[in-house]
Amino acid sequence: MGYVEIALYGIGGLVALAIVSFFILSAFYRKPGPEEAIVRTGVGGLKVQTGKGMIIVPVAHSADKMDLSVKRIEIAREGEDGLICQDNIRADIRVAFYVRVNNQQSDIMQVAEMLNPKRASEINQLRELFEAKFSEALKTVGKQFDFVSLYTDRDNFREQILNVIGTDLNGYRLDNCHIDYLEQTPVESLNPQNILDAEGIKKITELTTQENMKRNSFEVEESKVIKQQNVDRDQALYELERQRVDAEEKQKREIAEITARNQAAAAQVQEEERQRAESARIVAEEQIQVAEQNKDRQIIVALRNKERTDQVEIERVEKDRMLEVTERERVVGLADIEKDKAIEIEKRNIQEVIRERVMVERGVVEEQENIKNTQEIMTADRAKTVAVTMAEKDAQESLVIQVKAAEAEKQSAEFGAQQVVIEADAQRDAAEREMQATKMLAEAKTADKAAEGLAEAQVTMAKADALEKEGTAEASVIQRKGEAEAVVIDQTGSAEATIVQKKAVAEAKGDEAMAVATEKVGTAEASVMGLKFNAEATGIKEKAESMKLFHAAGKEHEEFKLQLNKDKDIEIAAIDAQQNIAEAQAEIVGEALKNSTIDIVGGETTFFDKIVDSIKAGKSVDRFVGNSDVLTDVKNTFFNGDNEYFAAQLRQFTGQFGVSFEDVKDLSVAALVGRLITMADNEDDKSRLEDLLRVFRGAGVASQKVATLGLTDGKQAK
């Protein structure tokens, strides 16, 4: 049993080995097609196989297939390069050569050694190999034949080409060749300066002339024979025509006799037929007219129906159009309403934002005022403490006298305090109302201006501001004068009120000190004298506390009124100060620049600053130039003591270099001078321009634009 298993295993292994070997061989085995050859290189050298396959090992071998099919190569010689025959006549000829790789191992190996097997049968490769040889063979064989013999003896011409070229072409084989196209080269393509072409032209001319003469003689002889034949034909025709006419006349006479007899009988029949036909025609015409009238009537009815339909359709279209127009106008109106609504909402939002901002600013101002009030109150408390301490000291010295004086002046002080409180309340209410009215007016003006600023264009707004400032300048001056006079009067009244208030405060402090002293005296006497003076001291203490509270309320009202007056005085004084400063500045600038031509650029907050900066820059330049000998020489060179000399120098340089101020007005001064330096041809001009550039840099105007110098069209602004 063991031997059988071993045998079976051995047989199975052999079968598996055979199968594996078969698949390996089938994978490495390559077989060419009917018109192909396999060229293998590598281990074993160059091998070629046709018809049968061979083993190709990928690592050890490299194999390519070679095409062995017949390829067609066409050689054409036309025009100036046409084929020259034995009689020196050029011929346009196209010959097709049929070439292939010879199906022999030696030839295939020879071709494989020369060329890549894949490219061995490519048309371009074959043309590159054999075009020159085939063309030379054509010229050699063509010179052995006349032009006419090329037509009559084509087979011999082809055989001669094959004999000259041969069939063995270094591994290739020429199977056959055929003349595809053969025609005489046009005379226009020949070169008369070429000897062979000149000979060919001569022969062509001779042959064509002879042939033309022969053709012409044949044509003349043909005309003569044709003319004679035409004459003979005409004579025979005339005789036959005469006989025909005689027969026709005879026949006509006989026919006329018969016709006359028949016409008489036929006339009667024709008249009867005519009458019947006329009757039928009349009936037919009547029917036709009736039919035409019916048709016209139907056409008219149809046209009227069409007109009614068209009118209805036109009215419907017009109605639809009007509805569309109405709908479009409604939509446009709704859109305008929505737009206006959105604009109004946006205006209200802006006014609300402005109102909120004003409220915030008002809160900030009130907070600042509260801080100031707290500071003033603390200062007053400190002064009060000092005054009380001093009063206690003085009260110890004149206790009895002050107590009596306090009792005597008590009634008068109470009455005066009540009057002061009433006046303070009235003034505080008036001041609060005035402040609220002023704030409301300011808020309204701010909101109005903001809304107008959104609705109006910036150009219109600027014009309106200019007109408003121009029209209200005088009124503002008069108003400020009146306000100044009112301030003077108010300050006078405030000073008097301040004196009265200080007196009242001093009296209140004295009363307070007296009350404290009285309290202390009463307490001391009560300890000595007992209950006798206790009630009196208690009464004095309560009166003193009442007076203290009473005077505290009056003091608060007076301080509030004084604070309002102080703020008002400060604001009016600031306005007056700004007005005085502006008037002084205007007088100074007007006096200094009354003879100048100035372009004003900027608003009221920047104009004076720019004027002052310009004057400051000019003074700096004057001081800088005056303290420098070099720059003084430059000044004398460029300015020469004449205001127009600087413009003349600049015009000289710009004119010299072909530069206009309009071209460079947007450049900086330094850029303009730098451009002129680069355009200068001699060192003198460059040196003068460099000195001028240093002057500009020292004056701080090098970075300014040329347009700010006021120099345009050769004129200098003073």
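The sequence shown begins at -3 in this note's numbering and counts up by one.
Note that beta-carbon positions come from the ideal geometry of N, C-alpha and C, so glycine has one too.
Query	Result
Span separating the alpha-carbon of residue 16 from that of residue 133	58 Å
Minimum C-alpha distance to residue 118 - residue among 129, 95, 101 and 140	95
Of the listed residues 47, 29, 51 and 46, nearest to residue 39 (C-alpha basis)	51
Opposing strand residues paired with residue 93 [DSSP bridges]	69 and 173
Which listed residue (676, 669 and 663) has its alpha carbon closest to that of residue 652	676
Sequence-distant residues of its chain with Cβ nearer than 6 Å to residue 14 (five each side left out)	none
Between the CA atoms of residue 68 and residue 97 - distance to the nearest angstrom	12 Å
Among 34, 268, 138 and 165, nearest to residue 61 - alpha-carbon criterion	34
Residue 31 (DSSP reduced to helix, strand or coil)	coil
Contact the stretch 135 to 150 vs the stretch 204 to 223: 3+ CB pairs below 8 Å	no
Proximity of residue 91 and residue 175 at Cβ, strictly below 8 Å	yes
Environment of residue 299 [buried if 16+ CB atoms lie within 10 Å]	exposed
Top-ranked residue by Cα proximity to residue 29, from 295, 53, 64 and 143	64
Residue 542, DSSP secondary structure in three states	Residue placement at residue 542 is flagged as unreliable, the pLDDT there being 49, under the threshold of 50; a coordinate-derived value is accordingly withheld.
8 Å Cβ shell around residue 545 - same chain, five flanking residues per side excluded	Residue placement at residue 545 is poorly supported in this model, since its pLDDT is 48, which falls under 50; the coordinates are not used for a value here.
Euclidean distance between Cα positions of residue 166 and residue 116	12 Å
Short Cβ contact (8 Å threshold) for residue 104 with residue 44	yes
Own chain partners of residue 99 with C-beta closer than 8 Å, once the 5 adjacent residues on each side are dropped	33, 46 and 64
Nonlocal neighbours in the same chain, by C-beta distance under 6 Å from residue 56, ignoring five residues either side	38 and 39
Status (buried if at least 16 other CB within 10 Å, exposed otherwise) for residue 327	exposed
For residue 101, the first and last residue of its enclosing alpha helix (DSSP H)	101 to 110
Identified DSSP bridge partners for residue 50	26
Residues that residue 80 bridges to, as DSSP identifies them	86
Buried or exposed by the 16-neighbour rule on C-beta atoms within 10 Å, applied to residue 310	exposed
Burial state of residue 233, where buried means 16 or more other Cβ atoms lie within 10 Å	exposed
Residue 45: first and last residue of the uninterrupted beta strand (DSSP E) it sits in	43 to 45
Distance between residue 238 and residue 198 (C-alpha atoms, nearest Å)	59 Å
With 16 other Cβ atoms within 10 Å as the buried cut-off, status of residue 287	exposed
Range covered by the alpha helix (DSSP H) that runs through residue 131	119 to 138
Inter-residue spacing [alpha-carbon to alpha-carbon] between residue 195 and residue 202	11 Å
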